[in-house]
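Structure first, commentary second.
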Amino acid sequence: MFGGITSLRVGGITSLHVGGITSLRVGGITSLHVGGITSLRVGGITSLHVGGITSLRVEGIKSLPV
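Numbering-wise, UniProt numbering puts 48 at position 48 of the sequence shown, and it's gapless, one number per residue.
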């Protein structure tokens, strides 16, 4: 831990916490949490959740269900 930065690595899992930002990486999956915003990335698929809104992006295709 360096100041407000905490990095935890267990096997292939890396968890990085900087202030209110938490980034969790498991293999090719990256989950980023900033306040009430959660971004989940699996390969070329990105899922962004802000409040009750979820945006799912698959490579060049973008879908935004509300």
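Every residue, glycine too, gets a C-beta built ideally from N, C-alpha and C.
Taking only the alpha-carbon atoms, compute the straight-line gap between residue i and residue j and give it to the nearest angstrom.
i	j	result
T14	R25	5 Å
G52	G44	23 Å
G11	V34	24 Å
T6	V58	31 Å
V42	H49	14 Å
I37	T22	10 Å
Would you grab the beta carbon distance between residue i and residue j for me? Rounded to a whole angstrom, and I think it's under 8 Å.
i	j	result
G4	G19	5 Å
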